[in-house]
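Residue numbers (our numbering): 8 to 73. Data block below; observations after.
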């Protein structure tokens, strides 16, 4: 099962930093894999407009579509 919720990206007023809001319904789900203060790696595919967020403890692998 894939966890999916709609959310938004917030822009900091004082910096170029953006924040992604993760809805509480997703965080409370027993399949949600992340914990507070966990370090994550964000990969952005600008052509498909997708982000992949994974734990830094997981090995990195490139996703190739056929």
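For each residue, glycine too, the CB sits at the ideal point set by N, CA and C. Since we're looking at a predicted model, the values are computed, not measured.
Problem - residue 18: CB within 8 Å of a non-hydrogen atom of the ligand COA - result: Because no ligand of any kind appears in the structure shown, any question about the ligand COA cannot be addressed here.
Exercise for the section: Go through its chain and collect everything with a Cβ distance to residue 51's Cβ below 6 Å, but skip five positions before and after it. Expected result: Listed in chain order, the non-local C-beta contacts of residue 51 below 6 Å within the same chain comprise 58, local neighbours out to five positions each way being set aside.
Exercise for the section: May I ask you to report which of helix, strand or coil DSSP gives residue 51? Expected result: When secondary structure is reduced to three states using DSSP, residue 51 falls in the strand class.
Practice task
Provide the residue span of the alpha helix (DSSP H) that contains residue 34, from first to last.
Solution key: Where residue 34 is concerned, the enclosing alpha helix (DSSP H) starts and stops at 31-35.
Handout entry: Cα-Cα separation between residue 71 and residue 24, rounded to whole angstroms
Key = Distance between the alpha carbons of residue 71 and residue 24 is about 29 Å.
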